[in-house]
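Student: I have a structure here, written as structure tokens, and I will follow up with some questions on it.
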Amino acid sequence: MPELPDVEGFRGVMQRCAGGRRVDGVEVRDAGVLRGVTARRLCRELQGRRFAQPWRHGKWLVTPSDGPALVWHFGMTGELLCAAPDDAVEAHDRLLITLDGGRQLRYRDRRKLQGVRLAADEAAVERILADLGPDARGLDLSRFLRLLSGRRGGIKSALTDQSLLAGLGNLLADEILWRARVRPDRSVRGLDDDELRRVHAAMGRVLRSSVRAGRVPARRGWLTGRRDDAEPVCPRCGRPLASGRTAGRRTVWCEHCQR
DNA sequence: TTGGTTGTTATTAT
DNA sequence: AATAATAACAACCA
């Protein structure tokens, strides 16, 4: 799941559940989600700390405290939940953080492709996020055009390159390009001004709706709502959708609508 | 059993 | 130097 909109949702969960709260207990149920920190040290460093305002960059969530910060990445299957401590713990709840005031933050992740890091200070956070481009949300047109100018290679691989701009994943990239009527395998250099503007405008609209929904919505009017159908058709023209591999990922597009 | 999956990273190739 | 392709990571589902 987690692309920019999902992580933005987790930021909200974090803020509502843990903002201003103190850590009363930490339970690591599966240390496989800890990156560069042992369960012992995580518990020791976090115990008694008070969470401050969480923030997001791309697909990363940073949750500072009056001590160290936690830096979260959700991989393909991670999520952050706010629970009551006596709610049943599920099989993939890997980390439980009990807060004062009677709530519990839970990191649930089936595949454990990413996880949680501990950053001692702001500089350590910056080091973790150092290779990311600017956040895709709120990127204005002129900055967007500047980022893409001189870029070789395909538009989809550019959009999903986190070091170029941060936050877009496979579903968002396909959705944006479908909306902009641009084929995913087009080279960036081959796109004219109008096409680039359309991609930027589609990015803005898709992100706005997706952030509101907390995910890329699988609505029937969206490509994302069709791509997993047995015989998917374009929501715009009704013709069968094409599917293949671009930038190493499954890619779905409409041969008729996207040029 | 095999293939596929919304994530990143390392390695190799172009 | 940049980009692209591939496998690996891990777990599950069809």
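Those letters in the first sequence? Residues 1 to 259, by UniProt numbering. Even for Gly, the Cβ is constructed at its ideal location relative to N, Cα and C.
Helix, strand or coil for E90, going by three-state DSSP, please let me know.
Tutor: coil
Student: Would you check if the stretch 136-148 and the stretch 60-70 touch, i.e. whether three or more CB-CB distances between them fall below 8 Å?
Tutor: The answer is no - the stretch 136-148 does not touch the stretch 60-70, with fewer than three Cβ pairs under 8 Å.
Student: Just to check my reading of the structure: G101 and R21 have Cβ atoms closer than 8 Å, yes? What is that Cβ distance to the nearest angstrom?
Tutor: 6 Å
Student: Should E255 be listed as close to the ligand SAM, given that the test is whether its C-beta is under 7 Å from any heavy atom?
Tutor: No copy of the ligand SAM appears in this structure; indeed no ligand is present at all.
Student: In terms of alpha-carbon separation, which member of W55, R50, A31, T98 lies closest to Q114?
Tutor: A31
Student: Going by CA-CA distance only, name the one from R250, L99, T246, L223 that's closest to P240.
Tutor: L223
Student: Tell me, which residues are paired with I97 by DSSP?
Tutor: Under DSSP, I97 shares a beta bridge with V26, L105.
Student: Is it right to say C237 is buried, meaning 16 or more other beta carbons lie within 10 angstroms of its own, or is it exposed?
Tutor: Answer is exposed; the Cβ neighbour count stays below 16.
Student: Measuring only the C-alpha atoms, how far is L172 from E3?
Tutor: Approximately 8 Å, taken between the alpha carbons.
Student: Is A180 buried or exposed, if buried means 16 or more other CB atoms sit within 10 Å of its CB?
Tutor: It counts as buried.
Student: Tell me whether the beta-carbon of D24 lies closer than 8 Å to the beta-carbon of L99.
Tutor: yes
Student: I'd like the list of long-range same chain contacts for V26, defined as Cβ closer than 8 Å, with 5 residues on each side in sequence excluded.
Tutor: L42, C43, L46, Q47, L95, L96, I97, T98
Student: Would you grab the beta carbon distance between G154 and R186 for me? Rounded to a whole angstrom, and I think it's under 8 Å.
Tutor: 7 Å
Student: Within 10 Å of its beta-carbon, does D228 have 16 or more other beta-carbons around it, so buried, or fewer, so exposed?
Tutor: exposed
Student: Between D131 and S163, what straight-line distance do the alpha-carbon atoms span, to the nearest angstrom?
Tutor: 5 Å
Student: Rounded to whole angstroms, how far is the Cβ of residue 262 from the Cβ of R11, which I believe are closer than 8 Å?
Tutor: Absent from the model: residue 262. The displayed extent of the chain is 1 to 259, so no value can be given.
Student: Using the three-state DSSP reduction, which class does T38 fall into: helix, strand or coil?
Tutor: coil
Student: With distances taken from CA atoms, which of G225, G190, R183, L191 is nearest C254?
Tutor: R183
Student: Relative to the C-alpha of D93, which candidate in R110, F74, P85 has its C-alpha closest?
Tutor: Here the closest residue by C-alpha is R110.
Student: For the beta strand (DSSP E) holding L168, just list the boundary residues, first then last.
Tutor: It is not in any beta strand (DSSP E) - L168 carries neither H nor E in the DSSP assignment.
Student: Less than 8 Å between the C-beta atoms of R49 and G67, yes or no?
Tutor: yes
Student: Could you tell me how far apart the beta carbons of A52 and S65 are, in whole angstroms, since I believe they sit closer than 8 Å?
Tutor: 6 Å
Student: Could you check what DSSP says for E8 in three-state terms: helix, strand or coil?
Tutor: Helix, per DSSP.
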